[in-house]
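Residue numbers (UniProt numbering): 1 to 846.
What follows is one structure encoded as structure tokens, with my remarks underneath.
Printed below as a string of structure tokens:
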């Protein structure tokens, strides 16, 4: 008897046990054979192994296989049954249908398989490897190493067993493996290697019956010293594996038929050779030969067809096209996978998981706490923000999504990432309504993206991990309301902060700030695309990426906003609450992981005072200073008032006429009193109208009344009006004197206020300098020093700006005072020239 027969003869069926209405068999214990070099037979490869088969031979073979398949289910004590994780008395076909409908989309089945791979490889200090590739004619193969020994297929393929240790935990190669395989294909094979020990399992629909669930597995192995000796030729190892696999297939004809129809492509002799080939890859291939634990899943006859075509018009292989889709979405679905000590390849292309870091403009991070059992509005303590589990929220503007002219997905996208499964669980393409934000118009759009990172693993997941289910918690409605309240508060505050930046500084705001924000976000499309292409090129060439481009989203340093002073706002006539924060009372702290940021070239220019006065009817403003409003509406002292627009539908008002007699009597009464001359002076009580005056009287000697009547009728009306008209011609250029005086007083007040602001900023500058010194003494870390230096630089810039403004206001005050002095001198000169000749002429007539 050969050593291989001795090995297979050592497989003894285990005792039967019944539990939970099922009939299960314990798998055989694999016994490593005692190899003796002198007794090992030399395996002779069949002479016609690669010889072409005749059609009649194939027909006879398939008929024989069909007969064996019919007899297979009637066998009571076959070898496969001894190694079968079966559930007797259970409808296996119905169970398979239930497994095949576990996921909404095939991609979630594939992602569940990758979850298992990541659980096995992502271990501190271990270099993990995962590869995905397609198999001809229409299959997939997934291979990964593991930090710990891989569980036996006896456990993994048990019909009702899951490796979950808690309700919300994620098992490794448990129920998810069976569900995923049934969703993607009807015939799947599993190979595992723990050093020199192998295990081969089958997950196939054709093995299921109405009476039981059948998931067979077959252990085999090689002598340990063959692996210890690195000089062992691969042919020697293959010769030791081949007879064991041939015996497995020979004793299990139904499994043999499945392997022949898929891996062997219809040729019986190729079936065992193909399994040997995949087992040898796990031993000798460069990626795996140094690994102690390797897992491999072979998916054949992929079920989900595709309509995609290649460049030459030929139909893509469905499995290959599916891998293309997985490659495009894999980086988005996993955000906390490091690039260092981990390799993930899809069809020979290495993946890097920095999806959001490369896409979001002004990406910022917020850390909040969400209570699960108590409503936020019922929290009355001052530390209400510290109650609950920790949750990280990231915000940014997705330029590529917003700038896509053919896409309709431009609203506020909300993405949930769970630490239980390690990937994206759910996304809402327009979450403005659920977050309590205005859902119409363009507010809170511009590709705004809100990312929820469940760092504490508290989000309730569906069994298939493709969504959230709040009903599984006893206070799920409260938990959901609190989480959305925080997410909505952060989204509102983030968008309001950046939209205010595009309204401009100063008293007058730009009305087109939303359009300006749109253009600014779209302007980042080309830089983002260039960065993604450059990183892909570096990875393809094997060039390592810089350290700041490889950080996980959890450990990366993103922009933060200061002053976490949130407050609770109750919504009227609603159970919903809102958390608010004033966006204009915060400071932005830039960090290196935020690559794309707005700058001064994106923000609008400041509207100065001159443009406000010149375009007073065109520029809408709020907070316009009172002085500017008064000056823009005040006319000169001697200027003629514009005629008011006539109301429609009414006749023009007739001007009243005064008879000549009444004019003469009025003139006589005026001439009988002391003659007075009026000089316009500033009126401090009401200087805005420009028409009221205070009279400074100069008493002149009164001539006899008789002569005055003649003079009054002929010359008094003319000479009494002339001085006003001639004096008034000087003032329309700059407004009346009362306005200038008020302007001087207002500028003096503003100068005093600015001087006080300068003193305050100098004190802040001094404090910032002291804090910077303290930071360098206490904590020499680069981050805090950078923030302190940034704050110091900002304070110095504001100080210089205010000093410049103060200098300009001082010059303005001096100019206005000089003009007032010149105007007073000119008024006095005109008084002397205009009135003295008139007085002399009147005396001569008398």
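Ideal placement from N, C-alpha and C gives every residue a C-beta, glycine not left out.
A quick note: this is a predicted structure, and the numbers were derived from the prediction, not measured.
Nearest candidate by alpha-carbon position, reference residue i, set the options
i: residue 363; options: 237, 199, 392 and 369; result: 392
i: residue 572; options: 436, 466, 200 and 442; result: 436
i: residue 811; options: 748, 756 and 833; result: 748
i: residue 366; options: 89, 602 and 486; result: 486
i: residue 158; options: 123, 185 and 202; result: 202
i: residue 322; options: 97, 134, 361 and 511; result: 134
i: residue 491; options: 243, 259, 368 and 830; result: 368
i: residue 210; options: 97, 441 and 525; result: 97
i: residue 604; options: 452, 509 and 533; result: 509
i: residue 329; options: 221, 356 and 338; result: 356
i: residue 237; options: 198, 441, 204 and 181; result: 198
i: residue 124; options: 109, 156, 387 and 339; result: 339
i: residue 766; options: 350, 476, 789 and 744; result: 789
i: residue 390; options: 277, 118, 455 and 177; result: 455
Assigned exposure category for residue i - 16 Cβ within 10 Å defines buried
i: residue 847; result: The structure shown does not extend to residue 847, since the chain spans only 1 to 846, so no value can be given for it.
i: residue 300; result: buried
i: residue 498; result: buried
i: residue 791; result: buried
i: residue 614; result: Caution applies to residue 614, whose pLDDT of 49 falls short of 50 and renders its modelled position unreliable; the model cannot decide the point.
i: residue 136; result: exposed
i: residue 380; result: exposed
i: residue 461; result: buried
i: residue 186; result: buried
i: residue 793; result: exposed
i: residue 418; result: buried
i: residue 440; result: exposed
i: residue 230; result: exposed
i: residue 268; result: buried
i: residue 76; result: Any reading at residue 76 needs caution, since the residue's pLDDT is 38, under 50, leaving its predicted position unreliable; the model's value is listed next. Classification of residue 76: exposed, given that the 10 Å Cβ count is below 16.
i: residue 512; result: exposed
i: residue 279; result: buried
i: residue 109; result: buried
i: residue 398; result: buried
Bounding residues of the beta strand (DSSP E) (the contiguous stretch that carries residue i)
i: residue 325; result: First-last for residue 325: 318–333, but that is the alpha helix (DSSP H), not the beta strand (DSSP E).
i: residue 204; result: 197–204
i: residue 417; result: 413–418
i: residue 345; result: 342–346
i: residue 363; result: 360–370
i: residue 133; result: 128–135
Own chain partners of residue i with C-beta closer than 8 Å, once the 5 adjacent residues on each side are dropped
i: residue 489; result: 566, 578, 579, 580 and 581
i: residue 535; result: 352, 354, 358, 545 and 549
i: residue 562; result: 586, 587, 588 and 589
Cut-off 6 Å between Cβ atoms - residues of its own chain near residue i, not counting five sequence neighbours on either side
i: residue 569; result: 578 and 580
i: residue 445; result: 410 and 411
i: residue 286; result: none
i: residue 426; result: 416, 467 and 468
i: residue 288; result: 282 and 294
i: residue 395; result: 364, 450 and 494
i: residue 262; result: 187 and 300
i: residue 833; result: none
First and last residue of the uninterrupted alpha helix (DSSP H) at residue i
i: residue 550; result: Unbroken run through residue 550: none, as it is neither H nor E.
i: residue 116; result: 106–121
Residues of its chain near residue i, where Cβ-Cβ distance is below 7 Å and the 5 sequence neighbours each way are ignored
i: residue 828; result: none
i: residue 232; result: 226
i: residue 249; result: 255, 256, 259, 271 and 272
i: residue 764; result: 795
i: residue 472; result: 460
i: residue 476; result: 460 and 470
i: residue 551; result: 593
i: residue 597; result: 362 and 590
Closer than 9 Å to chain B by CB, residue i
i: residue 796; result: Here chain B cannot be found, since the structure has a single protein chain.
Are at least three pairs of beta-carbons, each pair with one atom in the region 339–348 and one in the region 464–484, less than 8 Å apart? With a cut-off of 8 Å, the region 464–484 and the region 339–348 do not count as touching, because too few Cβ pairs lie within range.
On the three-pair Cβ rule with 8 Å, is the region 372–380 touching the region 499–509? No, the region 372–380 is not in contact with the region 499–509.
Tell me, please, whether the region 192–200 touches the region 136–154 by the rule of three or more beta-carbon pairs shorter than 8 Å. Contact between the region 192–200 and the region 136–154 is present, because at least three Cβ pairs lie under 8 Å.
Is it a yes or a no for the region 94–113 touching the region 248–260, going by three-plus beta-carbon pairs under 8 Å? Contact between the region 94–113 and the region 248–260 is absent, because fewer than three Cβ pairs lie under 8 Å.
Using 8 Å as the threshold, is the region 102–109 in touch with the region 460–474, meaning 3 or more CB pairs across them? A contact exists between the region 102–109 and the region 460–474.
Okay, do the region 138–150 and the region 284–300 touch, 3+ Cβ pairs below 8 Å being the bar? Yes, since at least three Cβ pairs between the region 138–150 and the region 284–300 fall closer than 8 Å, the two stretches touch.
How do the region 408–428 and the region 508–517 stand: do at least 3 beta-carbon pairs fall below 8 Å, yes or no? With the cut-off at 8 Å, the region 408–428 and the region 508–517 do not touch.
The region 238–246 in contact with the region 120–133 per 3-pair CB rule at 8 Å: Judged by pairs of C-beta atoms under 8 Å, the region 238–246 does not touch the region 120–133, as fewer than three such pairs exist.
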